[in-house]
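Asks: Let me give you the structure first, and then I'll get to my questions.
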Amino acid sequence: MITTTTMASATGSRCLYRTLFHRYGLLSRGQVRSQCSVPPEDGKAPEKQESAEAKANEKKAAAKKKLNDLLASLATTDRIPVERTNSLKLSQPKPRQKTKAPKTEAEVPPPPPEEQVIEPELAAATKEVAKSLGGDVEATESELLSTLKSHALDTSASEKPSANLSELFVGLKVERSQSKPVFERPRRKRYDRDDHQRMQQGTQRPDEYVRPTRVTSREYVKTDIFGGEPLKIFSCEESKAKEIVESACPVWDATHAREIQQTVVQPPSNAFVEMIQWTRQGKLWTFPIDNEIGLEEEKKIGFQEHVFLEQHLEGWCPRRGPIRHFMELVCTGLSKNPYLTVERKKAHIMWYKNYFEEKHDILKEIGAIEA
Amino acid sequence: MAGAIPRCSVRHLQRLFGSCSISAPVRSVRTSSGNRAEEIVIPNRIPRSSTDILEALASTVGRDSSGPHYKYSDDPYLTPASNVAKRSFSLSKESGRKAARWIRDKHSDLFTHRPEDPFIEAFYPKISFTDESDVSEDTLRELMQKCMVSDAIQVYQICKTKGVELSDSVRQELLEFLGYYNCEDALDEDWVEERWYRQGIMSRDRIRNTWKDHGLAEELFKSLSHQGSPAYCALIRGMTRYYQVDRAWQMYQETLEKGIPLDTETYNSLIRVASLMREGSDLRWKLVKEILTAMSEAGVRPNLGTLNSTLESLSQIASWRQTKNLSLQVMAEFNRLGIQASLASYYFLLIIHCRERGPISHILIDIMNHIADKEFSIQDPKDTFFFVTAMDVCRNHLHSKELAKRVDDLLHTGNNYMLIGDSYKESIYYRHYFALSCSTDTVDQFMELYNELVPHIYTPEPGVMEELLKALKVHEALEYLPQLWSDMIVFDHTSREKLLMSVLSAMTCHQPSEDNTKLTEQLATIAWDLWTRVQRMEEDRRNKITWSGPMIGDLLTTLVRCGEYSKGVEVMQKISADPHIVLGSATVDSLQTLLDAAIGNDEANTGVMVVVYAVDAGHQEAADMAKKLGSSLTLNAEHRAKLTSVLGIDIIADLKEKEISES
C-alpha cells in the first residue's frame, strides 16, 4: 500500500519534473526517471525509515515525506557523480561570449508580460503535485506557482541556470532529513535535436549554445570576415613562385563553364536581349550589319577575277568566228552574275570547252572552226 | 524606374561611343580655320563583338514593373497573373517550340529547302547517326562541342564496331565529357524556361550516389594506353560530382601510391565531399585539412573553388562549435593568398553563422558592407543561392527591413539580377522580402511595395496573402481590402478556406460611417461575391470549401452591417433551409446582429427564422432573443406557434403575463 501511494505521488511530481525539464532543460530523461519512479529496491535505509514512520503516521504523510526527500535531494545533491574531464572543460563556452553576455544583457528590455505567465501545462502539473501532497492544497499550489513565476522571469533573461535551480526550491518549505553541500554545476539549458545527435555520435558535449543570447544580442556585433587567424596551410611566396598548375582537364572545364553560365540564363527580358540570344545562336545577322557575312572564302578572291573571264578562253577558243562570239557572250553573262563563285564560273567555261572539243569534227565540217 | 537610364547603361554607352569625342574638335578646327590648328588625335579602333551594340541598347531598358514580362503576350486579357498560370504559360510556349523541334528532327528528310545564305545551322535538323555513318574523331569533338551526350556515346560505339582508331587525346576528352555528364543527356541550352522552373526541384534531393559504376566513363579510363594525371583527375572529378565518394577516395589513394599529381579542381572536388567520408565534425574537418595540406605539399595552387569547397564542407558541420571560428580562419587564409571570395563563399558563411536556433550573428551586415554596390558574375554554381539566403536571414534571423533593402539594392545593381537563380529562388526571395516588410513596415509603406511588385514581378503565395490580410486587420487598413480581393480573384486564391476566413474576419472590423460609404459598399460587394463564389463551387470539387460557424457568422455580420440586409436574409434562409452546408452553426453575435436588423426592418418572418435557427443550433441565448423579438414586434399566430413549438413554452404569452403582472 505504501509503495502504491508513493508511486501516486511520484507520478504527480514526475509531471512537474518533466515540465521543468522541458522548460529549463535541467535534467535528462534518465535522471528524471531515476529520481521520480522510485523503485522499491532503491536504497533500503530510507525505505525502512519510512516504513517505521508509516506505522506511526498516515499514508499521506509518507507520500509527503517522499516528495520532500525528492525535492530536497534535487536541490542539494550533485546528481551525476561524473568527473569533469579535460575534454569537457574544453567545450565550455568561450570566454569571449561570457564577457559579451553581461554587456548585452543590460540592453534587454524586460520580456513582455504574457511571457511571464506560467504555461498551462506547468500549472496543471503544479496542481497535481499540490493535491498529492495533501494538506492545504491551495496554499501549496500557490506557493509553488509563485516560485515558478519568479523563476520564469529570471530564466528568460538570465545566463546562469544553476543559480535559478536552487532559487526555485528556496521558497519551498522542504523538510530536509540531511543536508549536503550544494555543488553548483552548469547544466544544459536546452536540449535540441542537433545536440541529441551529437551526443549519440559521442562527440563534444554541446553546451556552448544558450537561448537567451538570441534575445539579447539584437545589437550589431561586428564580425571581421577576413579578420580570422589564417590557417597557414598555404604560403603566399610559394604560390607566387610556382607556375599556375594548368588544369588537367580542359574539356571538363569548358563544359563546366558553359553549364554554370547556363544556370544564370533567364528568359529574355526585352527584345534586345532576345536578339543577343539569337545572335549567339547564329540565327541573326550580326551587328554592325555586313552583307558579306558568311562570305569569308569569297573575300580572298579579287573583283577582277569575277569580271575578266576572257583569259580563260585563251588557248582553246578560236580567235574569231561564231564560237568566239558565243563564248564572249557567255563570259559577259558570267561576269555580271553575282551568285556564282569564280570556281563555278571557270567550271562553266570549261564545260563549253569540253563540249566544243567533243563536237570538234562537226564544227569543222560546217566551218565554224577554222581548219 | 523605366524613365531613368541605369548607371550600367551609361557605362556601356561610354564604352561604345567614347571615341566619338573626336567629332567636336574637328568641327572647331573647321570653323576657326585661321587660328592655330588643333592636333587631331585619332583614337585606336576598339574591337567590338557582334553583340556589343545590342548589349548597350538592352541595358537602357529597365524592368518595367507595371507591365507583364516580355515573354508573355502583350495583351492584358492573356497576361497570366497567378503563379500557376505564369508557369503553365511559359512552359507551354516552350513546349510548342519543343514539339516543332521534335517534328523537325523526326522528319528531317522533309526539311531540305535551304534558301538562306549563309547557312544557319540552328534551323536545320540535327544529324542523326546510324551504324553506317561516316564518323571520325572530329565528329566526336564536334558533338562534345555541341554538348550532345547520347550522340557522342553512339558515335563512340560506332567507331568501336567499325574499328575506327581513336587517339588517346580524344579518348581523354570524351572521358572528361562523359564524366561531367555521367553519360546522361544534359538539358538543351535552348530550353530556358524549363531550366528556369526546374532548378528549384532539382536542387532538393541532390546528395545521392548516382554515378554510373562501370559505365562508359570507366571503360574509357581503362582503354587509355597510359593512365596519367588527366585521366585520374577526370575520373575523380566525375565520381565526386555524382557522390561516388568511396571509389573517388580509393582513386585518390591510388594516385598517392603511384605518385600521380592532381590538379586544383580535382582537389577541390575531393574537399567538397570530404564531409561525406567521415563521421563526426572534428574528423571531417581533419580530413579537409589533410587534403588542403596535401595540396600545399604538392605545390598545387588553390583557387576560388578551393575556398568554396572548404566552406561548403564546413557548412555541413555548421552545428559544430568551432565551425564559425574556422570559417573565418579559412576566409582569412584565402584572403591572404589574394583569392577573391565569390557570392557562394558568402552564402556558406551565412549558413555557418546564421543558424536557425543558434545565437544571432550579424555577419550579413559585415558581408553587405564588403560587397555593396559591386557587380558580380557567376563563378560558382552556388553563387545563385546567396540572395535568397541573405533575404531569409534578413527576415528570420535579424528581422531587419533596412538590411533587406540593402540586399535588394545589391540584387538590382548592374547585372546582379541574373544571380537570383531560378523561379523558385526568386519567388522565395520575394516571399521573405514581402513577409518582412509586412511585419515591420506600416501598411502604407508595405502597400507601396506591393503595388510595385505585384502582380508582374511577384505573385504572393497563399501564405503570404494570409499574413497580409491579417496585417490589414490588425492595422484596420480595410481600404486596401477591395484591391486585395480583386487580386485574390486574379491569383486564384478564392478557393482557399484560410484566406476566405481571414478576409471575412477582417471585414467584421469595419465600422460603417458617413466618411466611408464607398468602402462600405465595396465590402458588402466582396462579402456577397465571396458567398456566391463558394456556393457556385461544384459539389465534387476536391477542395470544396465548407462554411464554418465563425465564417458564416462573419459573413452575416458584414452583410448586415454594410447595409445589405436583404442579402443577409437570403444567406440566413439558405443556411436555415440546409443547415448541413455549415459546419457548426452561425455565431450568436451574428444572429443577434441580424435579429436587430430584422426588428429594425419590421420583419417578423426573418426574426422568427433567426430565433428558430438559434434554437436549433443550441444557443442558450435563443430564449432571450425570442423575448426581444416578442417585445419589439407584434407577432401573428403562426409566428407564435412556431416559436412555441421550438422553445417548448409560449414566450409571448409569458411576456404578456409578465407585462400584465408588472402593470
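Each protein sequence line maps, in turn, to chains A and B.
Quick note on my numbering: the first sequence kicks off at 14 and runs consecutively.
Quick note on my numbering: the second sequence kicks off at 1444 and runs consecutively.
Glycine included, each C-beta is placed from N, C-alpha and C at the ideal position.
Note that the coordinates shown come from a computational prediction; the quantities given were computed from them, not determined experimentally.
Checking the sheet assignment: what are the DSSP bridge partners for S1991 of chain B?
Replies: Note: S1991 of chain B sits in a beta bridge opposite B:L2026.
Asks: Report yes if the CB atom of S1508 of chain B is closer than 8 Å to the CB atom of E1895 of chain B, and no otherwise.
Replies: Cβ atoms of S1508 of chain B and E1895 of chain B: closer than 8 Å.
Asks: Should the segment 1513-1530 of chain B be regarded as contacting the segment 1905-1916 of chain B, the criterion being three or more beta carbon pairs within less than 8 Å?
Replies: Flag = no, the segment 1513-1530 of chain B and the segment 1905-1916 of chain B do not touch.
Asks: For the candidate residues B:C1797, B:H1813, B:K1961 and B:E1818, whose alpha-carbon lies nearest to that of M1834 of chain B?
Replies: Among B:C1797, B:H1813, B:K1961 and B:E1818, the Cα nearest to that of M1834 of chain B is on B:C1797.
Asks: Is the Cβ of S1672 of chain B closer than 8 Å to any Cβ of chain A?
Replies: S1672 of chain B counts as touching chain A.
Asks: Taking all protein chains shown into account, decide if P1745 of chain B is buried (16 or more other Cβ within 10 angstroms of its Cβ) or exposed.
Replies: P1745 of chain B should be labelled buried.
Asks: So, V2053 of chain B versus V2089 of chain B, is the Cβ gap smaller than 8 Å?
Replies: The answer is no: Cβ separation not under 8 Å.
Asks: Quick check on the DSSP output: the alpha helix (DSSP H) that includes Y1867 of chain B runs from which residue to which?
Replies: From DSSP, the alpha helix (DSSP H) with Y1867 of chain B extends over S1866 to T1883.
Asks: Does any CB atom of chain A fall closer than 8 Å to the CB of D1816 of chain B?
Replies: No, no contact with chain A.
Asks: Counting pairs of beta carbons, one from the segment 1804-1811 of chain B and one from the segment 1831-1849 of chain B, are three or more of them closer than 8 Å?
Replies: Because the criterion of three Cβ pairs below 8 Å is met, the segment 1804-1811 of chain B and the segment 1831-1849 of chain B touch.
Asks: Are the segment 1657-1670 of chain B and the segment 1599-1617 of chain B touching by the rule of at least three beta carbon pairs closer than 8 Å?
Replies: Yes: at least three Cβ pairs fall under 8 Å.
Asks: Taking P280 of chain A as the query, report the chain B residues whose CB atoms sit under 8 Å from its CB, ordered along the chain.
Replies: Result: H1512, Y1513, K1514, S1533, V1635, E1636 and W1639.
Asks: At a Cβ threshold of 8 Å, is F316 of chain A touching chain B?
Replies: No, no contact with chain B.
Asks: Counting contacts by CB-CB distance shorter than 8 Å, is M1931 of chain B in contact with chain A?
Replies: False, the Cβ-Cβ gap to chain A never drops below 8 Å.
Asks: Would DSSP call F1562 of chain B helix, strand or coil?
Replies: Looking at F1562 of chain B - three-state DSSP - the assignment turns out to be coil, as it is neither helix nor strand.
Asks: Using 8 Å as the threshold, is the segment 309-322 of chain A in touch with the segment 1539-1559 of chain B, meaning 3 or more CB pairs across them?
Replies: Flag = no, the segment 309-322 of chain A and the segment 1539-1559 of chain B do not touch.
Asks: Which residues of chain B have a Cβ atom closer than 8 Å to the Cβ of R293 of chain A, listed in chain order?
Replies: What R293 of chain A touches in chain B: T1494.
Asks: Residues of chain B with CB under 7 Å from P335 of chain A, in chain order?
Replies: Within 7 Å Cβ-Cβ: nothing; P335 of chain A doesn't reach chain B, min ~37 Å.
Asks: So with CB distances below 7 Å, who are the chain A contacts of Y2008 of chain B?
Replies: Near Y2008 of chain B there are no residues of chain A at all, since even the closest Cβ is about 40 Å away, more than 7 Å.
Asks: Could you check whether the Cβ of T216 of chain A sits closer than 8 Å to any Cβ belonging to chain B?
Replies: Confidence in T216 of chain A is poor, its pLDDT being 36 and thus under 50, which makes the residue's placement too unreliable to answer from.
Asks: Compare the C-beta of P351 of chain A with all C-beta atoms of chain B and state if any pair is closer than 8 Å.
Replies: No, because no Cβ of chain B sits closer than 8 Å to the Cβ of P351 of chain A.
Asks: Between I1932 of chain B and E242 of chain A, what straight-line distance do the alpha-carbon atoms span, to the nearest angstrom?
Replies: Going by the C-alpha atoms only, they are around 57 Å apart.
Asks: According to the Cβ coordinates, are A1967 of chain B and E2007 of chain B closer than 8 Å?
Replies: Yes, they are a contact pair.
Asks: Mind checking whether W1654 of chain B and Y1686 of chain B have CB atoms under 8 Å apart?
Replies: The answer is yes: Cβ separation under 8 Å.
Asks: Would you say K1844 of chain B and L1792 of chain B are within 8 Å of each other, going by their C-beta atoms?
Replies: No, the pair does not count as a contact, with Cβ atoms beyond the cut-off.
Asks: Nearest by alpha-carbon distance to V1886 of chain B: which of B:D1865, B:I1863, B:R2083 and B:L1924 is it?
Replies: Comparing Cα positions, the closest option is B:L1924.
Asks: List, in order along the chain, the chain A residues whose C-beta lies closer than 7 Å to that of M1861 of chain B?
Replies: Within chain A, the residues near M1861 of chain B are V277 and Q279.
Asks: Residues in the same chain with beta-carbon distance under 7 Å from E1619 of chain B, minus the five sequence neighbours each way, listed in chain order, please.
Replies: Hits under 7 Å: A1677.
Asks: How many Å lie between L1754 of chain B and V1773 of chain B at the Cα?
Replies: Between L1754 of chain B and V1773 of chain B, the C-alpha separation is close to 8 Å.
Asks: Determine which residues of the segment 1701-1716 of chain B have a Cβ less than 7 Å from any Cβ of chain A, and write them out in chain order.
Replies: Flagged, chain order: D1706, T1707 and E1708.
Asks: From B:E1637, B:E1498, B:M1682 and B:I1601, pick the residue whose C-alpha is nearest to that of K1536 of chain B; which is it?
Replies: The candidate whose alpha carbon is nearest that of K1536 of chain B is B:E1637.
Asks: Can you find a C-beta in chain B that's less than 8 Å from the C-beta of Q274 of chain A?
Replies: It does: the Cβ of Q274 of chain A has a partner Cβ on chain B nearer than 8 Å.
Asks: At 4 residues or longer, what runs of the alpha helix (DSSP H) sit wholly inside the segment 331-375 of chain A?
Replies: List check, alpha helix (DSSP H) in window: 335-348 and 355-371.
Asks: When the Cα of V355 of chain A is compared with those of A:I375, A:H325, A:D303 and A:I302, which residue comes out closest?
Replies: When only C-alpha atoms are compared, the closest one is A:H325.
Asks: The ligand NAD heavy atoms versus the CB of S1525 of chain B: any closer than 7 Å?
Replies: Only the bare structure without any ligand can be found here, which leaves the ligand NAD out of the picture.
Asks: Quick one: list the residues of chain B neighbouring N304 of chain A, beta-carbon separation under 8 Å, in chain order.
Replies: Within 8 Å Cβ-Cβ: nothing; N304 of chain A doesn't reach chain B, min ~11 Å.
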